[in-house]
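Structure, as structure tokens:
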Amino acid sequence: MHHFRDIKYKRPDMEEFTSSVRDLRLKLMTATDEETATSVILQYEKLVSDFDTQYALCNILHDLDTSDDFYTDELEFFDEASANASELAAAMLSSLLNCPCADILKEKYGDMIFKKAVNQKETISKEIIDELIKESSLENDYSQIQSEASIEFGGENLNLSLLAPHLESLDRNVRKEAHKALDAYYAGKRETFDKIYDDMVKVRTEAAQKLGYENFVELGYKRMERYDYTREDVAKFREDILKYIVPITVEIRNLQKERLGVDELMFYDLPALFKKGNPVPIVPGEGYERVVGNFFEKIFEVDPSFFDILSENGFTDLLSRPNKATGGYCMYLEDYAIPFIFMNGNGTADDVATIVHEGGHAYAAIKSAEVSPFVECLSPTLETCEIHSTSMEFLSYPYMDMFYGDKADQYRQLHMTQALLFLPYGCMVDEFQHIVYDSPDMKPEERHAAWKALEEKYQPFIKYDEDHPFHAMGGAWMKKDHIFTTPFYYIDYCLAHICALQLWDESLEDPASALSKYNSLCEAGGVDTFLNLISAAGIKSPFDTDVIKKIAYSCCKFLEL
Ligand code: ZN
Numbered sequence: 001m002h003h004f005r006d007i008k009y010k011r012p013d014m015e016e017f018t019s020s021v022r023d024l025r026l027k028l029m030t031a032t033d034e035e036t037a038t039s040v041i042l043q044y045e046k047l048v049s050d051f052d053t054q055y056a057l058c059n060i061l062h063d064l065d066t067s068d069d070f071y072t073d074e075l076e077f078f079d080e081a082s083a084n085a086s087e088l089a090a091a092m093l094s095s096l097l098n099c100p101c102a103d104i105l106k107e108k109y110g111d112m113i114f115k116k117a118v119n120q121k122e123t124i125s126k127e128i129i130d131e132l133i134k135e136s137s138l139e140n141d142y143s144q145i146q147s148e149a150s151i152e153f154g155g156e157n158l159n160l161s162l163l164a165p166h167l168e169s170l171d172r173n174v175r176k177e178a179h180k181a182l183d184a185y186y187a188g189k190r191e192t193f194d195k196i197y198d199d200m201v202k203v204r205t206e207a208a209q210k211l212g213y214e215n216f217v218e219l220g221y222k223r224m225e226r227y228d229y230t231r232e233d234v235a236k237f238r239e240d241i242l243k244y245i246v247p248i249t250v251e252i253r254n255l256q257k258e259r260l261g262v263d264e265l266m267f268y269d270l271p272a273l274f275k276k277g278n279p280v281p282i283v284p285g286e287g288y289e290r291v292v293g294n295f296f297e298k299i300f301e302v303d304p305s306f307f308d309i310l311s312e313n314g315f316t317d318l319l320s321r322p323n324k325a326t327g328g329y330c331m332y333l334e335d336y337a338i339p340f341i342f343m344n345g346n347g348t349a350d351d352v353a354t355i356v357h358e359g360g361h362a363y364a365a366i367k368s369a370e371v372s373p374f375v376e377c378l379s380p381t382l383e384t385c386e387i388h389s390t391s392m393e394f395l396s397y398p399y400m401d402m403f404y405g406d407k408a409d410q411y412r413q414l415h416m417t418q419a420l421l422f423l424p425y426g427c428m429v430d431e432f433q434h435i436v437y438d439s440p441d442m443k444p445e446e447r448h449a450a451w452k453a454l455e456e457k458y459q460p461f462i463k464y465d466e467d468h469p470f471h472a473m474g475g476a477w478m479k480k481d482h483i484f485t486t487p488f489y490y491i492d493y494c495l496a497h498i499c500a501l502q503l504w505d506e507s508l509e510d511p512a513s514a515l516s517k518y519n520s521l522c523e524a525g526g527v528d529t530f531l532n533l534i535s536a537a538g539i540k541s542p543f544d545t546d547v548i549k550k551i552a553y554s555c556c557k558f559l560e561l
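Okay, here's the thing in structure tokens:
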């Protein structure tokens, strides 16, 4: 296996890429036998894989050190290059739809790639290249500003990840001050972010209208490749969460108030779920790789685990440091069939859940590496990918003594509590975007007011004081990068939670069966649509109200509510 440091980045030659894809496209359009068509497709897939790999590599190398201007410039190159590559891909796939061998190829490789081809035709066209480039550049602007955040706190300048532990400090004054510092940081960025977001909403709406849609909502759904559910299904799902989960979260907050012994549970108290503090890993940051590797050995009964191999070869970078981009992700390097795990461990309880989460993505990527000759079909749509990762978080419960010793139970309680609190939050992020893109002419103040109204609906327990004016006026959505960088990608996490919680619920009675369903979902990769994939793995639809009711019941029982 390659070591990560030996993989060299090389900027794709777009002239060569473009002319090769055009040649192949012509060949596909005239290919009359299966052999020729397959050979053309494989050559094309290799080109896509090379391009994707360099783009992914550029992102990773940039994120590992955001102060290195070289990769910042390279990302700028990709703003335009990836828009052009998408347009070429859409044209190529469109030719696949109409090529003489289409029926034979569908028979042989399944129709998922054909569904994707139709979808690409409906989401990308030459006419919107300028909009795509502008959109991508605005997304980079937001991410770059966030990664450069420097917040003065306790005599130090901290980035957003390093401020996080103070937000959940045991000392009420410390967390109050930390929230105040965070509030002031975002208040200072408010105008800039308002402008970036306003431009994004406008440019996305223009692109949608050029493609013939009324507004961006429909285009957003198609970009997220929602083949088998609609905005109505999603709206009903949010209603179910409001009805069956929000009351549980209100109960959780009441209990928290009692536990903390405060008169009133304030906004800055929310992250402090336990009086003695949220449990922190007993494993120091430098030990994460070894212990996580061990955990995966145990759960899958394979030694060394895939995680051991990834970390030995430099494909994990787990700890936060200055000039590292924020967030955590698993990025797949298609040419090498190896995933890279990136995150910002900072010694909080989130660390372990994040590593296990990204580990789930990495495991699934490896499991499905050969499921289709089409790189586009190796991994499923994003709500399904999030089941790979989120299920792993819940299935890891029995092993948590490895990370938390005698506090493992406290971790499980914390994690489940956070999962339930997350569901209404995720629905807010989703509903907010529907409101915004349904009325693209809203003024920035109106967007903040819309967020405030959603908080009152989904998080009725939040109380602000005068120290946090930015949050109080409805600004918190600006902290959520998905709202800026990946529109409509958020309800996916909620849908995935309901699926993952089903596996967790089953694992209480029959862990082997839950793990086997998990494995079959991972192995299927992206050869089918969301509802078909989960149904084939034996997981029920999250759009079924009874499923949500049952999950709500099991979770309450687990938390003794
Ligand atoms: Zn994920």
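If you're matching positions, the sequence shown starts at 1 in my numbering and goes up one per residue.
Ideal Cβ positions, reconstructed from N, Cα and C, are used throughout, including at glycine.
These numbers come from a predicted model, not from an experiment.
Asked                                                                                                                       : Found
Beta-carbon spacing of His-562, Cys-522 below 8 Å                                                                           : Any property of residue 562 remains undetermined from this structure, which presents the chain solely from 1 to 561.
Through-space distance from Met-343 to Gly-285, alpha-carbon basis                                                          : 12 Å
Cβ pair count under 8 Å reaching 3, the region 496 to 505 against the region 288 to 304                                     : no
Validate contact between the region 443 to 458 and the region 420 to 431 using beta carbons, cut 8 Å, 3 pairs               : yes
Test item: CB-CB of Phe-51 and Phe-77 under 8 Å                                                                             : no
Any non-hydrogen atom of ligand 1 within 7 Å of Glu-383 CB                                                                  : no
Element boundaries [beta strand (DSSP E), containing Thr-316]                                                               : 316 to 319
DSSP bridge partner residues for Cys-330 (one or two, in chain order)                                                       : Ile-341
Residue range of the beta strand (DSSP E) that includes Ile-151                                                             : 151 to 153
Identity of the residue in Glu-445, Leu-378, Phe-484, Ala-89 nearest His-471 by Cα                                          : Glu-445
Close-in-space but distant-in-sequence residues of the same chain around Val-280 (CB under 7 Å, 5 per side omitted)         : Gly-347, Thr-348, Ala-349
CB contact flag (Glu-289, Gly-328, <8 Å)                                                                                    : no
Ser-389 Cβ short of 7 Å to ligand 1 heavy atom set                                                                          : yes
Spatial distance of Asn-84 from Ile-129 (CA atoms)                                                                          : 7 Å
Cβ separation of Lys-116 and Leu-93, assumed to be a contact under 8 Å, to the nearest whole Å                              : 7 Å
CB contact flag (Leu-503, Tyr-518, <8 Å)                                                                                    : yes
Beta strand (DSSP E) segment containing Asn-98, residue limits                                                              : Run containing Asn-98: none in the beta strand (DSSP E); it sits in the alpha helix (DSSP H), 69 to 98.
Residues that Leu-158 bridges to, as DSSP identifies them                                                                   : Ile-151
Cβ-based burial, Met-1 [other Cβ within 10 Å; buried from 16]                                                               : exposed
Same chain, Cβ closer than 7 Å to Ile-462, neighbours up to 5 away in sequence not counted                                  : Phe-267, Glu-455
Residues of its chain near Leu-561, where Cβ-Cβ distance is below 6 Å and the 5 sequence neighbours each way are ignored    : Glu-251
Val-547 versus Ala-56: straight-line alpha-carbon distance, rounded                                                         : 37 Å
Heavy atom of ligand 1 within 7 Å of His-497 beta-carbon                                                                    : no
Pick from Phe-558, Leu-533, Asp-528 that is closest to Met-112, judged by C-alpha positions                                 : Asp-528
Cut-off 8 Å between Cβ atoms - residues of its own chain near Ile-534, not counting five sequence neighbours on either side : Thr-384, Ile-387, Cys-499, Leu-521, Lys-540, Ser-541
Closest by C-alpha distance to Ala-81, when choosing among Ile-309, Pro-12, Gln-209                                         : Pro-12
Range covered by the alpha helix (DSSP H) that runs through Gln-502                                                         : 491 to 509
7 Å Cβ shell around Asp-335 - same chain, five flanking residues per side excluded                                          : Ser-49, Asp-50, Thr-53
Rounded C-alpha distance that separates Phe-315 from His-3                                                                  : 8 Å
Cβ shell of Phe-562 (< 7 Å), same chain only, five flanking positions each side left out                                    : Absent from the structure is residue 562, since the part of the chain shown begins at 1 and ends at 561.
Identity of the residue in Tyr-332, Val-283, Leu-260 nearest Lys-276 by Cα                                                  : Leu-260
Separation of Leu-382 from Glu-135, as counted between CA atoms                                                             : 20 Å
Straight-line Cα distance separating Ser-391 from Asp-505                                                                   : 11 Å
The region 149 to 165 contacting the region 176 to 192, beta-carbon criterion three pairs below 8 Å                         : yes
Candidates Asn-140, Ala-514, Thr-36, Asp-194, of which the one nearest Cys-99 by Cα                                         : Thr-36
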